[in-house]
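So the sequences go chain by chain: A and B.
First residue of the first sequence: 31, per our numbering; consecutive thereafter.
First residue of the second sequence: 74, per our numbering; consecutive thereafter.
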Amino acid sequence: MLRPCSGGEPVDWRGNYQGSSFFELLQVEQPQLMPNISAMGQGPIDSIPHGTTVLAMRYEGGVLVAGDRLATAGHSVASRDVVKVFATDSHSCMAISGAAGPSIEMAKVLSVELEHYEKIEGQALELDGKANKLSQMIRQNLPAAMQGLAVVPLFAGFDLRRRSGRLWKFDITGGRYEEAEFDATGSGGIYARETIKQGWRSDMDQESAAKLAVDALTAAADEDRATGGIDLERRIFPIVKLCSSAGVEDCLEANIESAYRDTLARRAKGGSSS
Amino acid sequence: MSMPFYASPEQIMADKAEFARKGISRGKSIVALEFAGGVLLVAENATSLSKVGEIYDRIAFAGVGKFSEFDQLRKIGVRFADTKGYAYSREDVAGQALANAYSQAIGEVFTREMKPLEIEIIVAEVGDDRWEDHRKNSLYRVNFDGFISDHANYCVIGGNVADVETWLASNYQAGLSTADAVRMGKKALDSGSERGSNLTETTLEVCLMDRTRPGRKFTRLSVEEVRVMLDNG
């Protein structure tokens, strides 16, 4: 067996693990590399950075995933420009809210997992299979979630067989729920969801979906102190990713900025917050 | 009193080597070529079972001989690379370390096990333009006994290495386009094919690592893409 890092004794040259999953490979061959922090004493851990508002919504021809950039630890800012939306492969994205450390690690493991499966099997997983794998990984994190290190991501991607965008939300037990329209999680999720609910249409194009996402994140930042707004002085913009048949693309900062300036102009006239 | 059976170590090794060579010599050949855009791998293969595969961002694998054995080697290579890239960084996964690890593992099987692996493999790595010291491509060949060698321009494994290498020694050109390289790979394999046969897009497996692509460089060319390249020659 070829081993880049030390581990248990291999049975023979084939190694001890024969399957197609990278997550299981780590469990069997390299348990010391597992992102497992379940056995760390009693009581909640609340001084580590938490990510806040992320959202996903379908549009005509795909699905959009977006998140603000703020991470908080208690009442302090832990980071102003943390990235919470990740492309996990060419056609899927994961957005994280909750404990930043384990969440970011889980996104990293998932993207290796998807690539690993594709190389071993010679064929990529179906979008359903990817979402299912993520829910198993979240379930494994349950002991840590009980200590306050919850990982509650959104997963979205373009389904190449159904030719449409799809999205899922999860709970800390690994429960997986497909949403037909949109969802938002994190501390400002409730405000983002309200804004999207008022503006969402099934036949929206990419551009109006991106505008609605900026509106929703602005509303969340307005109502929830732990969600970061768009910071024009520091030039910190939310991450907005678009998954369509062409693959995952980043929405340009210039487009986000102009959508945000429209939102500000409307707000200046008074009335609603967005 | 009967004499216990004795065979000298030289005899045992020679027998194992002969056994492995016999298995490999029945197989078809694979050629890896450096071209302007990266590294090309062309295999004579009429089946849908792949002999060439992706290992990591800039590393590809090709194997001849017993399918179950070289495919297993391909998989442990993917496991090695993905684990290393996860534990350290993607840039830390290098072809040389992988080829060395293969050499160790295959050599170990050759000495310890009753039956040696009936395989030969190529580990190909495409250069990285971002770093001064990583611009060159690397081609490594590992034999059934773990013997490792590195090659420039081209590398051949399989049933008839000598004829293909002879052809390439007098015909290889550096800096070819993708289509020219595919045609060169085909002609090289033609020269080593038993009946001097004319290989076509349906009897070739063609993969390449394109150094200009971001991230994962490996691509498998479709039958249609190969047909177009062969037709325009």
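All residues carry an ideal CB built from backbone N, CA and C; glycine is no exception.
- Going by DSSP, S222/B is part of no alpha helix (DSSP H) but of the beta strand (DSSP E) stretching over I221 to H224.
- Residues of chain A with a Cβ closer than 7 Å to the Cβ of F78/B do not exist; the shortest Cβ-Cβ separation is about 26 Å.
- Listed in chain order, the positions of the region 134 to 164 of chain B with a beta carbon within less than 9 Å of a beta carbon of chain A are Q145, L146, R147, K148, I149, G150, V151, R152, F153, A154, D155, T156, K157, G158, Y159, A160 and Y161.
- For H146/A, the neighbours in chain B by C-beta distance under 7 Å run, in chain order, V151 and D155.
- As DSSP reads the structure, G91/A sits in no beta bridge.
- Any Cβ of chain A closer than 9 Å to the Cβ of Y175/B would place that residue at the interface, and such an atom is present.
- Below the 7 Å Cβ cutoff, chain B contributes K148 and V151 as neighbours of I150/A, in chain order.
- Listed in chain order, the positions of the region 245 to 267 of chain B with a beta carbon within less than 7 Å of a beta carbon of chain A would be empty, since no residue qualifies.
- Look at the region 230 to 277 of chain B and you find these whole runs of alpha helix (DSSP H), each 4 residues long or longer: 234 to 244 and 251 to 265.
- The beta carbon of R300/B lies closer than 7 Å to those of E274 in the same chain, with the five residues before and after it left out.
- Ranked by Cα distance from R99/A, the first of T203/A, Q57/A, S127/A and R88/A is S127/A.
- Relative to the Cα of F134/B, the nearest Cα in the group I97/B, I149/B and T120/B belongs to I149/B.
- Within the model, the alpha-carbon separation for L172/A versus T203/A is close to 6 Å.
- Contact check for L212/B and A105/B: beta-carbon distance about 5 Å, within the 8 Å limit, so the pair qualifies.
- In the structure shown, T82/A adopts coil according to DSSP, grouped into three states.
- Burial is judged here by how many other beta carbons sit within 10 angstroms of a residue's own beta carbon; S295/B has fewer than 16 and is exposed.
- Put simply, of Y290/A, Q48/A and A249/A the residue whose alpha carbon is nearest the alpha carbon of R223/A is A249/A.
- Between C123/A and F185/A, the gap from beta carbon to beta carbon is short of 9 Å.
- For S123/B, the residues of chain A that pass the 7 Å Cβ criterion are G152, in the order they occur in the chain.
- Straight-line measurement puts the Cα of G131/A at about 52 Å from the Cα of V234/B.
- When E279/A, Q170/A, L197/A and V270/A are compared, the shortest CA-CA separation from D158/A is found for L197/A.
- Residue range S194 to F200 is occupied by the beta strand (DSSP E) that includes K199/A, with no alpha helix (DSSP H) assigned at that position.
- Taken in chain order, the complete beta strand (DSSP E) segments of 3 residues or longer contained in the region 112 to 163 of chain A are 115 to 119 and 122 to 125.
- Interface annotation for the region 222 to 233 of chain A against chain B: empty, criterion Cβ-Cβ distance under 8 Å.
- Under a 10 Å Cβ-count criterion, S81/B is classified as exposed, with fewer than 16 other Cβ atoms of the shown protein chains found around its own Cβ.
- The three-state secondary structure of A90/B, taken from DSSP, is helix.
- Put simply, the backbone Cα of E83/B is about 41 Å away from that of G152/A.
- Contacts with chain A at 9 Å (Cβ-Cβ) include I179/B.
- Looking at the backbone, the Cα of M187/B and that of S50/A are separated by about 28 Å.
- Looking at the backbone, the Cα of V115/A and that of K149/A are separated by about 24 Å.
- Distance from the CA atom of Q169/B to the CA atom of I97/B, rounded to whole angstroms, is 24 Å.
- When rounded, the separation of the alpha-carbon atoms in F92/B and D218/B is 11 Å.
- With 16 or more other Cβ atoms from the protein chains shown falling within 10 Å of its own Cβ, Y147/A counts as buried.
- Identification of chain B residues near V115/A by a Cβ-Cβ cut-off of 9 Å yields none; the smallest Cβ-Cβ distance measures about 18 Å.
- Of the residues assessed, H121/A falls on the buried side of the cut-off, its CB having 16 or more other CB atoms within 10 angstroms.
- Counting the other Cβ atoms within 10 Å of the Cβ of S232/A gives fewer than 16, which makes it exposed.
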